[in-house]
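Protein chains: 2
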Amino acid sequence: MANSKLIEMIPFQGIAEISKGQDIGEIIIESSRKQRTPIRDNDVLVITHKIVSKAEGQVINLASITPSTFALRVGRHIGKDPKQVEVILSQSRRLVKMVKGLIITETSHGFVCANAGVDQSNVKKGNIVLLPQRPDKSAQQIRNKIRAKTGKHVAVIISDTFGRPWREGQVDVAIGIAGLDPFADYRGMRDQYGYDLKASVICIADELASAAELCMNKLDRVPAVIIRGYKFKKAENVSSRSLARKPARDLFR
Amino acid sequence: MANSKLIEMIPFQGIAEISKGQDIGEIIIESSRKQRTPIRDNDVLVITHKIVSKAEGQVINLASITPSTFALRVGRHIGKDPKQVEVILSQSRRLVKMVKGLIITETSHGFVCANAGVDQSNVKKGNIVLLPQRPDKSAQQIRNKIRAKTGKHVAVIISDTFGRPWREGQVDVAIGIAGLDPFADYRGMRDQYGYDLKASVICIADELASAAELCMNKLDRVPAVIIRGYKFKKAENVSSRSLARKPARDLFR
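Residue numbers (numbering that gives the first Met the number 0), protein chains in the order written: chain Z, 0 to 252; chain G, 0 to 252.
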């Protein structure tokens, strides 16, 4: 098909369980070789944070946790394991809302999400996975490894599954980025009628994360996806903190 | 590349300006023929609402609007054209927030978004485009036309660009759906460790809309995209109302 604007999404399959100390960059390169889809320049690699967190040892055994008085009380009040509550609090800098079974907080990174991104799925029973401590740094390390080992210049997005207000269901969003401008900013540009597109700043990093989720499927063990053919704006020293809305700009706090 | 799970996104290019009374189904079939990418069974077609609204005559000339006293006052208060305010109010059933230049409302469909989805970009100067009145019906009609004319069974998503709380930038979401279950519901399923995925309901309709936006680019006149290779769950009589979070379930009202 001779369509220069075609975008392809290629899942990495057959990546085995990740444990602490493994190198996600190496694992992705290895997987791309095995399935004969070599990484190319300008690919966007979207990687679920879970394998990054596991590789970085961001996994806690709940048995090791002693909940505080506050965590015990909150746990009783909302019907949630106080040890989990303790871990969630340890990852947060602000409590947004607590209702039965659910705590919404602002994480130490500034993301507002359920349970501070702490998650019990796809991990050994009794364990709980945290978000990476510095997801942009994690993304950059993977990007650097790929450049060093294959010579290819890519962008990397680390993703997680977040709920959102107003709309049902969850979607994947970007929590770590490297090598691309996370926004497509049309402000100051004009459409074909000469209208100034003053309100249009698209968060393409989140759209890329959501797109990749379509290839991931929670039961299929696809922890990483190549998005190929998307023309992104390259950028260095980017930060996923720019994706968290500043309090002053957030109408809904 | 022998990867059975590859997803492709193919933009429809060269679709000219749409005017009232045109048939979007016909136009998409014609475009797919011209660019030699025939529609296939199980394609998801994502179509920006703007061309649907234009075809359905959901365009208002602002000169024809007489603002109410309330619209005049709001316009003065937040610094927005009172005629625009009047149109926004006419499309809304609840006001969520007003700040300078921006009104966030719940539309008659139940979507919470800026300016009730009313938009001045990519339309003749002095005109303003509304959302389709019944976007699910619009999606179904396009789907039916494609089935009738090509024999192909597809799903259709009508999309718009929405802002969201907590995160910077806008993303495309689904405002009309036909032929697919908008959610991938993992509740009750177990991951490889036997953990019950109790919180996982992914809004794949929004993810598909966001993915398609990556092919659209606001300046490139790509109003529709084929997403091919995504295995969706077929469903009839679906409604985008299910995508709007019910007030009782929304922690953020």
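All residues carry an ideal CB built from backbone N, CA and C; glycine is no exception.
In this text the structure is predicted, and so the values were computed from the model without any measurement.
- Think of a sphere of 8 angstroms around the beta carbon of Gly193 of chain Z: the chain G residues whose beta carbon falls inside it are Lys124, in chain order.
- Straight through space, the alpha carbons of Pro134 of chain G and Glu235 of chain G are spaced by roughly 15 angstroms.
- Against chain Z, a Cβ distance below 7 angstroms from Val200 of chain G picks out Gly168 and Gln169.
- With a beta-carbon spacing of about 7 angstroms, Ile225 of chain Z and Thr36 of chain Z fall inside the 8 angstroms limit used to define contacts.
- Interface criterion met: the Cβ of Thr160 of chain Z is under 9 angstroms from a Cβ in chain G.
- Here Asn60 of chain G carries a strand assignment [DSSP, helix/strand/coil].
- Looking at the DSSP output, Lys233 of chain G sits in a beta bridge with G:Leu179.
- Under a criterion of Cβ atoms nearer than 8 angstroms, no residue of chain G is adjacent to Gln140 of chain Z; the nearest Cβ is some 24 angstroms distant.
- Within the model, the alpha-carbon separation for Leu44 of chain G versus Val172 of chain Z is close to 22 angstroms.
- Assigned with DSSP and collapsed to three states, Leu94 of chain G falls in strand.
- Going by C-alpha positions, Ile174 of chain Z is about 6 angstroms away from Ile157 of chain Z.
- Assignment of Phe110 of chain Z by DSSP, reduced to helix, strand and coil, places it in the coil class.
- Of the residues assessed, Arg166 of chain Z falls on the buried side of the cut-off, its CB having 16 or more other CB atoms within 10 angstroms.
- The CB of Asp180 of chain G never comes closer than 7 angstroms to any CB in chain Z; the least such distance is about 11 angstroms.
- Pairwise C-beta distances place the stretch 136 to 148 of chain Z in contact with the stretch 175 to 182 of chain Z, as three or more of them are shorter than 8 angstroms.
- Scanning the stretch 149 to 194 of chain G from its first residue to its last, the whole beta strand (DSSP E) runs of 3-plus residues come out as 154 to 161, 170 to 177 and 182 to 184.
- Three or more beta-carbon pairs separated by less than 8 angstroms are not found between the stretch 55 to 69 of chain Z and the stretch 24 to 33 of chain Z, which leaves the two stretches without contact.
- Annotation: Cβ neighbours of Ala243 of chain G in chain Z (cutoff 8 angstroms, chain order): Trp165, Arg166 and Glu167.
- Residue state for Pro37 of chain G is assigned as coil, using DSSP reduced to three classes.
- Looking only at G:Arg227, G:Ser238, G:Gln132 and G:Gln90, the smallest Cα-Cα distance to Pro10 of chain G is reached by G:Arg227.
- Residue burial is scored here from C-beta neighbours: His76 of chain G has fewer than 16 other C-beta atoms within 10 angstroms and is therefore classed as exposed.
- Runs of the alpha helix (DSSP H) spanning 4 or more residues and lying entirely within the stretch 114 to 151 of chain G occur at 134 to 149, in chain order.
- Here the stretch 15 to 32 of chain G does not lie against the stretch 98 to 108 of chain G, with fewer than 3 beta-carbon pairs under 8 angstroms apart.
- A check of alpha carbon separations from Gln12 of chain Z across Z:Asp190, Z:Pro131, Z:Lys233 and Z:Cys214 identifies Z:Cys214 as the nearest.
- For Asp184 of chain G, the closest C-alpha among the options Z:Gly187, Z:Tyr194 and Z:Gly168 is that of Z:Gly168.
- Taking the beta carbon of Pro10 of chain G as reference, the chain Z residues within 9 angstroms of it are Asn2, Lys4, Leu5 and Ile6, listed in sequence order.
- Taking the CA atoms as reference points, Ile203 of chain Z sits about 21 angstroms from Val221 of chain Z.
- Here Ile201 of chain G has Phe182 and Ala183 as same chain residues with Cβ atoms under 7 angstroms from its own Cβ, once five neighbours each way along the sequence are excluded.
- For Val86 of chain G, the enclosing alpha helix (DSSP H) covers residues Pro81 to Ser89.
- A check of alpha carbon separations from Pro246 of chain Z across Z:Leu5, Z:Ala62, Z:Ile38 and Z:Arg93 identifies Z:Arg93 as the nearest.
- Ala211 of chain Z and Val58 of chain G have their C-alpha atoms roughly 35 angstroms apart.
- For Leu207 of chain G, the enclosing alpha helix (DSSP H) covers residues Ile203 to Met215.
- If you check the CB distance, Ser209 of chain G and Ser209 of chain Z come in under 9 angstroms.
- The three-state reading of DSSP puts Glu105 of chain G in strand, counting E and B together.
- At the C-beta level, Val153 of chain G and Ile50 of chain G stay beyond 9 angstroms of one another.
- Residue-level contact check: Arg32 of chain G does not touch chain Z, since none of the beta carbons of chain Z fall below 9 angstroms from its beta carbon.
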